[in-house]
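The numbering of the sequence shown is our numbering, which starts it at 17 and goes up by one.
Backbone N, C-alpha and C define an ideal beta-carbon position, used for all residues, glycine too.
A quick write-up on the structure given underneath.
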Amino acid sequence: MKKLINPLTVIMTVSLIIFGLAMSSFTSHTTGKEAASPAQKEFTVVWSIYAGWNPWSYANTSGIMDKWAARYDIKIKLVRMDYMPSIEAFTTPSVDACVMTNMDCLTIPVAGGIPCSAIIVGDYSNGNDALIVRNNLTIPQLKGKKVNLVQFSVSHYMLSRALDMNGMTDDDVKIVNVSDSDIGPAFIANKDQEAVVTWNPLVMEIMKTPGVKKIFDSSQIPGEILDLMVVKTKVLQTNPGLGKALAGAWFEVMDIMSSRTDKGKGALEDMAKAGGSSLIEYQNQLKTTAMFYKATDAVTYTNSEEIKTNMRRVRNFCSKYELLGAGVKADDLGIKFSDGTVIGNQNKILFIYDASYMQGVSK
């Protein structure tokens, strides 16, 4: 998954202009206003290729999404896009919901002033993101060395956590910003590069290289890199059927893919194909993805104290690098949790964890 962060306003602006042209092929269902009207009947939901999000492909091809949308007398168009363009699209009136990580939600839509609600906590990275080295280096031995990664991405966040857990800071290493398309091939080809942080499937490819070693991965910071279905809060408030349909469809697919039946195998094959991988490759990707297959488990985690602790860490990292906006401090925005707890500014709540839709499925 391309878990990238783009803090540069000018780049965002150009991307949105390009996306605006591309969106001309989509069904128009807005009037240009951010908030949806109560009469809205058609919604656009975008998703990206990733082990934890490929189930949306099956929800679409199987007719499960259409079935749940019809239950609430609405239509939902699932659109597959590359990751960064999908989040940028979410900041326009043309998209109502989008899959993204907790960190990217803070740094793009929330930083742009768009109130968001995470209605499905689908999984967390449990080894998909990794720090890989040559020459048997340890984390303390990285001091003064170059580390290749996509700057301000979850790779950067994970490195920061790895260093902190070893009594170090980001200043102890030299971060080299590399594009996601180049980072894997460049590290494999250049033996002078001693450390890299990236995500699957690039991690799997790099680990095939002789002489490399994984010394830290996201399984050591469980729950900190969350994969979510995010809906614009204003859209959700006036159209709760959207949230109910998405949650209902998602957990029906979860039940099928985890069933170990012929139907479940067929669903996994569909998801693998959507991600451009074989069934075995996809199953291996799922091994490092902690999926919440049951709505009750997802609700339990969303209501836990752990998610609050982790969001503070993520928020503080974003604030440190001004990814929340120039001059914006961590407590300047509010994050509300399912139990009503708010961290940060209670008068400026821009990110909500709303477990009610998953709770509705679990009943």
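Item, Value
"Selection from Val95, Lys190 and Cys121 that minimises the alpha carbon distance to Thr107", "Cys121"
"Ala352 - partner residues in DSSP beta bridges", "The residue asked about is misnamed: residue 352 is Lys in this sequence, not Ala. Paired residues: Val358 and Ile368."
"Integer Cβ distance of Asn216 from Gln301, believed to fall under 8 Å", "6 Å"
"Whole-angstrom C-beta distance between Tyr309 and Ser274, which should lie under 8 Å", "4 Å"
"Assigned secondary structure, Trp63 (DSSP; H/G/I helix, E/B strand, else coil)", "strand"
"Beta carbon proximity, Met119 to chain B, threshold 8 Å", "Included in the structure is just one protein chain, with no chain B present."
"Exposed unless 16 or more other CB atoms sit within 10 angstroms - verdict on Lys260", "buried"
"Environment of Pro201 [buried if 16+ CB atoms lie within 10 Å]", "exposed"
"Exposed unless 16 or more other CB atoms sit within 10 angstroms - verdict on Gln362", "exposed"
"Separation of Leu244 from Trp63, as counted between CA atoms", "10 Å"
"Assigned exposure category for Gly292 - 16 Cβ within 10 Å defines buried", "exposed"
"Own chain partners of Lys230 with C-beta closer than 6 Å, once the 5 adjacent residues on each side are dropped", "Ala146 and Ile148"
"Integer-rounded CB distance, given that Ala306 should sit under 8 Å from Asn142", "4 Å"
"Meets three-Cβ-pair contact criterion under 8 Å: the stretch 130-142 and the stretch 235-249", "yes"
"Continuous alpha helix (DSSP H) stretch holding Ala263: start and end", "Pro256 to Met273"
"Within 8 Å, strictly: CB atoms of Pro71 and Val212", "no"
"The stretch 276-283 touching the stretch 79-89, judged by at least three CB pairs closer than 8 Å", "no"
"Buried or exposed (CB count within 10 angstroms, at least 16 for buried), Ala67", "buried"
"CB of Ser354 within 8 Å of CB of Ala311, strictly", "no"
"Residue burial classification, Arg87 (beta-carbon count within 10 angstroms, cutoff 16)", "exposed"
"N-terminal and C-terminal residue of the alpha helix (DSSP H) that Thr123 is part of", "Where Thr123 is concerned, there is no enclosing alpha helix (DSSP H), given that its DSSP letter is neither H nor E."
"Alpha-carbon spacing of Asp370 relative to Gly257, whole angstroms", "14 Å"
"Delimiting residues of the beta strand (DSSP E) encompassing Met12", "Limits of the chain in this structure are 17 at one end and 379 at the other, which puts residue 12 out of reach."
"Residues near Lys159 by beta carbon distance below 8 Å, same chain, minus five either side", "Met184, Asp188 and Val189"
"Which of helix, strand or coil DSSP assigns to Arg331", "helix"
"Separation of Ser176 from Asn182, as counted between CA atoms", "10 Å"
"Own chain residues within Cβ distance below 6 Å of Ala314, not counting five before or after", "Val137, Phe308 and Met374"
"Inter-residue Cα distance where the pair is Ala248 and Thr214", "Checking the sequence shown, residue 248 turns out to be Lys, not Ala. Approximately 29 Å between the Cα atoms of the pair."
"Element boundaries [alpha helix (DSSP H), containing Val194]", "From DSSP, Val194 is part of no alpha helix (DSSP H); its letter is neither H nor E."
"Boundaries (first-last residue) of the beta strand (DSSP E) holding Met245", "Leu242 to Lys248"
"Through-space distance from Leu349 to Ile365, alpha-carbon basis", "6 Å"
"Beta-carbon spacing of Cys114, Ile130 below 8 Å", "no"
"Distance between Thr77 and Met287 (C-alpha atoms, nearest Å)", "10 Å"
"Proximity to Lys161 [Cα-Cα], best of Lys93, Asn144, Leu179 and Ile359", "Leu179"
"Coarse secondary structure for Val170, derived from DSSP in three states", "helix"
"Endpoints, beta strand (DSSP E) assigned at Trp72", "Element bounds for Trp72: not the beta strand (DSSP E) but the alpha helix (DSSP H), Pro71 to Thr77."
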